[in-house]
Amino acid sequence: MRWTRHRKSSQALAQRSRIVLECADGGSNTVVADRLGVTRHTVGKWRARFLEHRLDGLADEDRPGRPATVTAGQVEDVVVATLESTPEYATHWSRSKMAEKSGLSASTIGRIWKAFGLKPHLEDGFKLSNDPFFVDKVYDIIGLYLNPPESAVVLSVDEKSQVQALSRSQPAFPMMPGMPEKRTHDYFRHGTTSLFAAMNVADGTVIASTHRRHRATEFRKFLTKIDREVPEDLDVHVVCDNYGTHKHPTVKTWLANHPRFHMHFTPTYSSWINQVERLFAEVTRDLLQRSDHRSVQALEKDLRDWVKAWNENPKPFIWTKTADQILESLGRLLNRINGAGH
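If you count the sequence shown from 1, position 67 lands on 67 in UniProt numbering, and the numbers rise without skipping.
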């Protein structure tokens, strides 16, 4: 019963223990197999092993080679401690800290963690949307990506705000054989600008402009530019986030006077669903990450030139996941973190 209660310990051992407990209640092999979702052969195997060897029979059989020096109990203690506790004065375990706690070597701890897929040194980020219309918005936007309406263009729109014109305090050392390019960590700021971009999700072409400020007035001007460049016989479906400038009365008035524009807002905390974010990742990697600009004007010129070069050979980002697949994936995540305070 103790082996079945550890939520994050060896799942194989926990399943074998559940089989034995179900059999102890009088269930036949077929009934226990159906109840636990395993085969009758599996139930019969572990029932017989338990009857012959008792608790030792639930462990894996010895394999050829040097006898193990680390017991199953020690492995279980390491896994449980890794998952359910933290070291004193630290936020996560290291191999040396766990080795000191368990009395095993650091290399042994590393092998145990590798066997169970545990990586305490890594972390990943997430943010669950609290939008009450999350499901409806996901179906709406993914539907536009996968099945765009006829006689219409679908544009993924957003602003990359506060793009800084930075110049390094010292000239960079160029790359040489055996030595990567070297840059100083400190820099001088020469001002900021914002890149407004509307990416056609069908062909990857981009309508863009730069503005020194990021207000509803600038967004309205950008919509006017989109209106000029998109053929008049096409409806315009705009996918954008919930930033306040996108819902400002000035913008709403403009939209009322341009009925061919249809706004589709992403769920809160769900910028991943807006394809233009992938475009911003490209411009950051290609241009901004190692940029050296002595003025905002020079930065804006490079941004315009980058967009022009992109449009000469546009590369659309192909969306492959359906709304149902995305919601099923989110459901699996919620099931895994159930009871973790979410």
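Ideal Cβ placement from N, Cα and C applies to all residues, glycine included.
Buried versus exposed call for Q289 [16 or more other C-beta atoms within 10 Å across all chains shown]: Stepping through the sequence shown from its first residue, residue 289 is reached at position 289. Exposed, because fewer than 16 other Cβ atoms sit within 10 Å of the Cβ of Q289.
Residues bridged to T192 (per DSSP): Along the sequence shown, read from residue 1 onward, the residue named residue 192 stands at position 192. Within the DSSP secondary-structure output, T192 pairs in a beta bridge with Q164.
Cutoff 6 Å; reference H211; Cβ partners in own chain excluding five residues on either side: To locate residue 211, count along the sequence shown from 1; it is residue 211. Excluding five sequence positions before and after H211, the CB atoms of its chain that fall closer than 6 Å to its own CB belong to S194 and E218, given in chain order.
Closest residue to A152 among H262, E52 and T69 (Cα-Cα distance): As a first step, residue 152 must be located in the sequence shown, where it is residue number 152. Ranked by Cα distance from A152, the options H262, E52 and T69 are led by H262.
Rounded straight-line distance, which links the Cα of Y243 to that of L333: On the sequence shown, residue 333 is found 333 positions in, with the first residue counted as 1. On the sequence shown, residue 243 is found 243 positions in, with the first residue counted as 1. Their backbone Cα atoms lie some 27 Å apart in a straight line.
Between the CA atoms of T268 and F297 - distance to the nearest angstrom: Translated into the one-based positions of the sequence shown, residue 297 becomes position 297. Translated into the one-based positions of the sequence shown, residue 268 becomes position 268. Rather than Phe, the amino acid found at residue 297 in this sequence is Gln. Rounded to the nearest angstrom, the two C-alpha atoms are 34 Å apart.
Counted within 10 angstroms of its Cβ, other Cβ atoms place A198 as buried (16 or more) or exposed: The sequence position of residue 198 within the sequence shown is 198, counting from 1. By the Cβ-count criterion, A198 is buried, with 16 or more other Cβ atoms from all chains shown falling within 10 Å of its own Cβ.
Proximity to R294 [Cα-Cα], best of M176, K315, S105 and L166: Here residue 294 refers to the residue found at position 294 of the sequence shown. Minimum Cα distance to R294 is reached at L166.
Alpha-carbon spacing of L303 relative to L287, whole angstroms: Reading the sequence shown from its first residue, position 303 is the one you call residue 303. Reading the sequence shown from its first residue, position 287 is the one you call residue 287. Taking the straight line joining both Cα atoms gives about 8 Å.
Length at least 3, wholly inside the segment 117-154: the beta strand (DSSP E) runs in chain order: Those beta strand (DSSP E) runs which fall completely within the segment 117-154 and span 3+ residues do not exist here.
H185 classed as buried or exposed, judged by whether at least 16 other C-beta atoms fall within 10 angstroms: The residue given as residue 185 occupies position 185 in the sequence shown. An exposed status is given to H185, since fewer than 16 other beta-carbon atoms sit within 10 Å of its beta-carbon.
Sequence-distant residues of the same chain with beta carbon closer than 8 Å to V163, five excluded per side: Counting from 1 along the sequence shown, the entry for residue 163 is found at position 163. Within the same chain, T192, T193, S194, L195, L288, L299 and L303 come within 8 Å of V163 by CB-CB distance, once the 5 residues on both sides are set aside.
Contact set for residue 347: own chain, Cβ-Cβ below 8 Å, skip 5 residues either direction: Residue 347 lies beyond the range of the chain shown here (1 to 342); nothing can be said about it.
Residue range of the unbroken beta strand (DSSP E) whose run includes S209: As a position in the sequence shown, residue 209 is number 209, starting the count at 1. Going by DSSP, S209 is part of the beta strand (DSSP E) stretching over V206 to H211.
Presumed contact (8 Å Cβ cut-off) between Q275 and V230, rounded CB distance: Residue mapping note: residue 275 aligns to position 275 of the sequence shown, counting from 1. Residue mapping note: residue 230 aligns to position 230 of the sequence shown, counting from 1. About 17 Å separates the Cβ atoms of Q275 and V230, ruling out a contact at the 8 Å cut-off.
Boundaries of the beta strand (DSSP E) in which M263 is found, first to last residue: Translated into the one-based positions of the sequence shown, residue 263 becomes position 263. Boundaries of the beta strand (DSSP E) around M263: F261 to F265.
Span of the alpha helix (DSSP H), counted from its first residue to its last, around D302: In the sequence shown, counting from the first residue as 1, residue 302 sits at position 302. In the DSSP assignment, D302 falls within the unbroken alpha helix (DSSP H) covering V296 to E312.
Anticipated Cβ contact below 8 Å, L251 with A216, distance rounded: Translated into positions along the sequence shown, residue 251 becomes position 251. Translated into positions along the sequence shown, residue 216 becomes position 216. Here residue 251 is Val; the residue named in the question, Leu, does not match the sequence. That pair is a contact at about 5 Å.
Three-way DSSP call (helix, strand, coil) for N257 in this model: One-based indexing of the sequence shown puts residue 257 at position 257. The answer is coil: DSSP assigns N257 none of H, G, I, E or B.
From D25, A99, V43 and A24, residue whose alpha carbon lies closest to that of A33: Position 33 of the sequence shown, counted from the start, is the residue given in the question as residue 33. Ranking D25, A99, V43 and A24 by CA distance to the CA of A33 puts V43 first.
Under 8 Å between C-beta atoms of D241 and T224: Taking the first residue of the sequence shown as position 1, residue 241 is located at position 241. Taking the first residue of the sequence shown as position 1, residue 224 is located at position 224. No, the pair does not count as a contact, with Cβ atoms beyond the cut-off.
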